[in-house]
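Trainee:
There are 2 protein chains.
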Amino acid sequence: MKILITSGGTSEKIDQVRSITNHASGNLGKMITELFLQNGHQVTLVTTKAAVKPQKQDGLTLKIVSDVASLQATLEPLVKTHQVLIHSMAVSDYTPIYMTDLAELQAARDVNQLLKKSNQEAKISSAADTQVLFLKKTPKIISLVKKWNPTIRLVGFKLLVDVPKEELFSVARDSLKRNQAEFIIANDLTNINDRQHIAYMVDESTEELAHTKAEIAQKIYERVIAHD
Amino acid sequence: MKILITSGGTSEKIDQVRSITNHASGNLGKMITELFLQNGHQVTLVTTKAAVKPQKQDGLTLKIVSDVASLQATLEPLVKTHQVLIHSMAVSDYTPIYMTDLAELQAARDVNQLLKKSNQEAKISSAADTQVLFLKKTPKIISLVKKWNPTIRLVGFKLLVDVPKEELFSVARDSLKRNQAEFIIANDLTNINDRQHIAYMVDESTEELAHTKAEIAQKIYERVIAHD
Numbered sequence: 014m015k016i017l018i019t020s021g022g023t024s025e026k027i028d029q030v031r032s033i034t035n036h037a038s039g040n041l042g043k044m045i046t047e048l049f050l051q052n053g054h055q056v057t058l059v060t061t062k063a064a065v066k067p068q069k070q071d072g073l074t075l076k077i078v079s080d081v082a083s084l085q086a087t088l089e090p091l092v093k094t095h096q097v098l099i100h101s102m103a104v105s106d107y108t109p110i111y112m113t114d115l116a117e118l119q120a121a122r123d124v125n126q127l128l129k130k131s132n133q134e135a136k137i138s139s140a141a142d143t144q145v146l147f148l149k150k151t152p153k154i155i156s157l158v159k160k161w162n163p164t165i166r167l168v169g170f171k172l173l174v175d176v177p178k179e180e181l182f183s184v185a186r187d188s189l190k191r192n193q194a195e196f197i198i199a200n201d202l203t204n205i206n207d208r209q210h211i212a213y214m215v216d217e218s219t220e221e222l223a224h225t226k227a228e229i230a231q232k233i234y235e236r237v238i239a240h241d
Numbered sequence: 014m015k016i017l018i019t020s021g022g023t024s025e026k027i028d029q030v031r032s033i034t035n036h037a038s039g040n041l042g043k044m045i046t047e048l049f050l051q052n053g054h055q056v057t058l059v060t061t062k063a064a065v066k067p068q069k070q071d072g073l074t075l076k077i078v079s080d081v082a083s084l085q086a087t088l089e090p091l092v093k094t095h096q097v098l099i100h101s102m103a104v105s106d107y108t109p110i111y112m113t114d115l116a117e118l119q120a121a122r123d124v125n126q127l128l129k130k131s132n133q134e135a136k137i138s139s140a141a142d143t144q145v146l147f148l149k150k151t152p153k154i155i156s157l158v159k160k161w162n163p164t165i166r167l168v169g170f171k172l173l174v175d176v177p178k179e180e181l182f183s184v185a186r187d188s189l190k191r192n193q194a195e196f197i198i199a200n201d202l203t204n205i206n207d208r209q210h211i212a213y214m215v216d217e218s219t220e221e222l223a224h225t226k227a228e229i230a231q232k233i234y235e236r237v238i239a240h241d
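Which chain is which? The protein sequence lines are A and B, in order. Counting from 1 along the first sequence, just add 13 to a position and that's the residue number in the numbering used here. Counting from 1 along the second sequence, just add 13 to a position and that's the residue number in the numbering used here.
Now the structure itself:
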């Protein structure tokens, strides 16, 4: 099979030296990639410069992206030519519009006017004691996948922080339906550390538990293969 | 000699999954560290999880920091027990105070009231189309070094983006005087790529040019040794 995997976390530039970054090591995406490669599948891994990556090997194609715009541009043609997308990348929700100091905000009659501005300087001045950064929503990449290729099989991820299990499952099932995914890996940051990574494979009616990244990778692999 | 080196870039958390990050690979700090180690000096390298690091070896102590607060807490006792600080780390200028949506900003009578708030949720909601992030200045770590230890020798760094050479030198000399540094490595991001790293060792009266990270490391080493 031709498997498309995303891993790592995107970064949205504030200026040439600062970014807003979503944290993700890339470790889980690396393990999933290696498992499919070991079993003779072709994998295209879309990841970031900072993420941990598998070694170069036959069957593996690496694509490096930085922000949501480059992810979208890279992913669209790939989604059309692969059978499965395992979308483990932590994608930025917001991207910077304009950064200014408190004085400009206080002087503004209408805040909406500031949203039409953008920073011309390559490195924003660090003179002011307080800065205000306006951000806008990025496109939801996972919601575009089935529009690009209605027949691709989609495995989604949902990371929440410190919520009851019922809420985690409910949010995962919302994503499952809205994005027409086959299943969603639902996890809570408070249950992830160096020794464990608690996650649930959530579909319409079941929630299968995994305890480690290796176990998550194995269960994803088995589900993808079983339904082939 | 006991040499203290900082490398990499700090990250300031917005919430449990997002940060504002200053980009820095850690490559130059690694080269400087290796050069001092090869010549029999003791090095303490204060760096970040994401930065490139030298291999574990005799004479090297590694300290991992994340944000400006952890950098400050880690650096203060080390500055008091080392003879030289080579401060190549890209340190965040600002740290998040409070993130909210446009509606709360528009409803606020006095923006200053919002600066007293903080986010209680572990992952800030991504429902709103536009978000507003308030940031405050972090303490200038380089300005504290001589207060912590008036006899430590200080090598500073100044990175600007796309400015005339005269402005780069002038800003570097301001930093040299204000922070009582021995010299400042002044560089412009537009002159840094995979093949070259143009930088100037700026002191009161001279600007010595280097073309690569290896050459910068060598020139720093020679200057530190020469004045010992």
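Quick reminder that beta carbons are idealized off the backbone N, C-alpha and C, glycines included. A quick note: this is a predicted structure, and the numbers were derived from the prediction, not measured.
Use the C-beta contact count for His224 of chain B: other C-beta atoms within 10 angstroms, 16 or more gives buried, fewer gives exposed.
Mentor: Its Cβ having fewer than 16 others within 10 Å, His224 of chain B is exposed.
Trainee: Which two residues bound the contiguous alpha helix (DSSP H) that contains Asp114 of chain A?
Mentor: Counting along the chain, Asp114 of chain A falls outside any alpha helix (DSSP H), though it belongs to the beta strand (DSSP E) covering Tyr107 to Asp114.
Trainee: On the DSSP bridge list, what partners appear for Ser32 of chain B?
Mentor: Answer by DSSP bridge pairing, in chain order: A:Thr34 and B:Lys26.
Trainee: Is the distance from the Cβ of Ala230 of chain A to the Cβ of Leu98 of chain A below 8 angstroms?
Mentor: Their beta carbons are not under 8 angstroms apart, which means Ala230 of chain A does not touch Leu98 of chain A by this criterion.
Trainee: Between the stretch 27-34 of chain B and the stretch 29-48 of chain A, do three or more beta carbon pairs fall short of 8 angstroms?
Mentor: Cβ pair count under 8 angstroms is three or more, so yes.
Trainee: Would you list, in chain order, the members of the stretch 113-140 of chain B that have their beta-carbon closer than 7 angstroms to a beta-carbon of chain A?
Mentor: For the stretch 113-140 of chain B, which is checked against every Cβ of chain A, the residues closer than 7 angstroms are Leu115, Leu118, Gln119, Val124, Leu128, Ala135, Lys136 and Ser139.
Trainee: Below 8 angstroms, can you find three or more Cβ-Cβ pairs linking the stretch 148-160 of chain B to the stretch 96-115 of chain B?
Mentor: Contact holds: three or more Cβ-Cβ distances are below 8 angstroms.
Trainee: Can you tell which of B:Val65, B:Ser188, B:Leu173 and B:Gly42 has the C-alpha that lies nearest to the C-alpha of Thr203 of chain B?
Mentor: Nearest of B:Val65, B:Ser188, B:Leu173 and B:Gly42 to Thr203 of chain B, Cα basis: B:Leu173.
Trainee: Using a Cβ-Cβ cut-off of 8 angstroms, state whether Asn200 of chain B counts as contacting chain A.
Mentor: So no, Asn200 of chain B is outside the interface.
Trainee: So Thr23 of chain A and Val81 of chain A are supposed to be a Cβ contact under 8 angstroms. How far apart are they, rounded?
Mentor: With a Cβ gap of about 6 angstroms, Thr23 of chain A and Val81 of chain A count as contacting.
Trainee: Would you say Asn206 of chain A reaches chain B, if we count a Cβ-Cβ gap shorter than 8 angstroms as a contact?
Mentor: Not an interface residue.
Trainee: Quick check: Ile198 of chain B and Ser188 of chain B, are their CB atoms within less than 8 angstroms of each other?
Mentor: Result no, Cβ atoms of Ile198 of chain B and Ser188 of chain B do not sit closer than 8 angstroms.
Trainee: Excluding the five sequence neighbours on either side, which residues of its own chain have a C-beta within less than 6 angstroms of the C-beta of Asp216 of chain A, listed in chain order?
Mentor: Cβ neighbours of Asp216 of chain A beyond the five flanking positions: Phe196.
Trainee: When Cβ atoms are compared, which residues of the stretch 148-159 of chain A fall closer than 9 angstroms to chain B?
Mentor: Result list: Leu148, Lys149 and Lys150.
Trainee: Report the rounded CA-to-CA distance for Pro90 of chain A versus Arg186 of chain A, giving the unit in angstroms.
Mentor: Computed Cα separation, rounded: 27 angstroms.
Trainee: Am I right that Thr60 of chain B and Gly42 of chain B are in contact with their C-beta atoms under 8 angstroms? What's the rounded C-beta distance?
Mentor: With 8 angstroms as the limit, Thr60 of chain B and Gly42 of chain B qualify as a contact, their Cβ atoms being about 6 angstroms apart.
Trainee: 8 angstroms is my cut-off, CB to CB: does Asp216 of chain B come that close to chain A?
Mentor: Not one chain A Cβ lies under 8 angstroms of Asp216 of chain B.
Trainee: Tell me whether the beta-carbon of Pro297 of chain A lies closer than 8 angstroms to the beta-carbon of Thr46 of chain A.
Mentor: The requested residue 297 of chain A is not part of the displayed model; chain A covers only 14 to 241.
Trainee: Which residues of chain B have a Cβ atom closer than 7 angstroms to the Cβ of Val104 of chain A, listed in chain order?
Mentor: The premise fails here: Val104 of chain A is roughly 11 angstroms from chain B at the closest Cβ pair, so nothing lies under 7 angstroms.
Trainee: When you compare the CB positions of Glu228 of chain A and Phe182 of chain A, do they come within less than 8 angstroms of one another, or not?
Mentor: No, they are not a contact pair.
Trainee: Determine the chain A residues that contact Ala185 of chain B at a beta-carbon separation under 7 angstroms, and present them in chain order.
Mentor: Within chain A, no residue comes near Ala185 of chain B; the closest Cβ sits about 15 angstroms away, beyond 7 angstroms.
Trainee: Name the chain B residues whose beta carbon is nearer than 7 angstroms to that of Asn35 of chain A?
Mentor: Per Cβ cutoff of 7 angstroms: Val30 and Arg31.
Trainee: Per DSSP, what kind of secondary structure is Val237 of chain A in: helix, strand or coil?
Mentor: Looking at Val237 of chain A - three-state DSSP - the assignment turns out to be helix.
Trainee: Measuring only between beta-carbons, confirm whether Gln144 of chain B sits less than 8 angstroms from chain A.
Mentor: Taking Cβ atoms only, chain A reaches closer than 8 angstroms to Gln144 of chain B, which makes this a yes.
Trainee: Pick helix, strand or coil for Arg166 of chain B, following the three-state DSSP scheme.
Mentor: In the structure shown, Arg166 of chain B sits in a strand (DSSP, three-state: E or B).
Trainee: What's the C-alpha gap between Val158 of chain B and Leu167 of chain B?
Mentor: Roughly 8 angstroms between the two C-alpha positions.
Trainee: In the stretch 35-64 of chain A, which residues sit with their C-beta less than 8 angstroms from some C-beta in chain B, listed in chain order?
Mentor: If the cut-off is 8 angstroms between Cβ atoms, the stretch 35-64 of chain A has Asn35, His36 and Ala63 near chain B.
Trainee: Which class does Ile137 of chain A belong to by DSSP, given the choice of helix, strand or coil?
Mentor: Looking at Ile137 of chain A - three-state DSSP - the assignment turns out to be coil, as it is neither helix nor strand.
Trainee: On the premise that Ile155 of chain A lies in contact with His95 of chain A, defined as a C-beta separation below 8 angstroms, what is that separation, rounded to the nearest angstrom?
Mentor: The pair is not a contact, with the Cβ atoms about 15 angstroms apart (cut-off 8 angstroms).
Trainee: Quick one: what's got a C-beta closer than 6 angstroms to Ala121 of chain B's C-beta in the same chain, skipping five residues either side?
Mentor: Hits under 6 angstroms: Leu127.
Trainee: Check the DSSP bridge columns for Asp201 of chain B and list the partner residues they point to.
Mentor: Answer is B:Leu173.
Trainee: Going along the stretch 162-195 of chain B in order, which residues come within less than 8 angstroms of chain A, judged by CB to CB distance?
Mentor: Listed by position along the chain: Leu172, Leu173, Val174 and Asp175.
Trainee: According to DSSP, is Ala120 of chain B part of a helix, a strand, or is it coil?
Mentor: Note: Ala120 of chain B maps to helix in three-state DSSP.
Trainee: Which residue from B:Asn132, B:Lys69, B:Ala239 and B:Ile18 puts its Cα closest to that of Met102 of chain B?
Mentor: The residue with the shortest Cα to Cα distance from Met102 of chain B is B:Ile18.
Trainee: Alpha helix (DSSP H) containing Gln85 of chain B: first to last residue?
Mentor: That run of the alpha helix (DSSP H) goes Val81 to Val92.
Trainee: So, under 8 angstroms CB-CB, Val124 of chain B and Leu118 of chain A are touching, yes? Tell me the CB distance rounded to an integer number of Å.
Mentor: Indeed, because the Cβ distance is near 6 angstroms, the residues count as touching under 8 angstroms.
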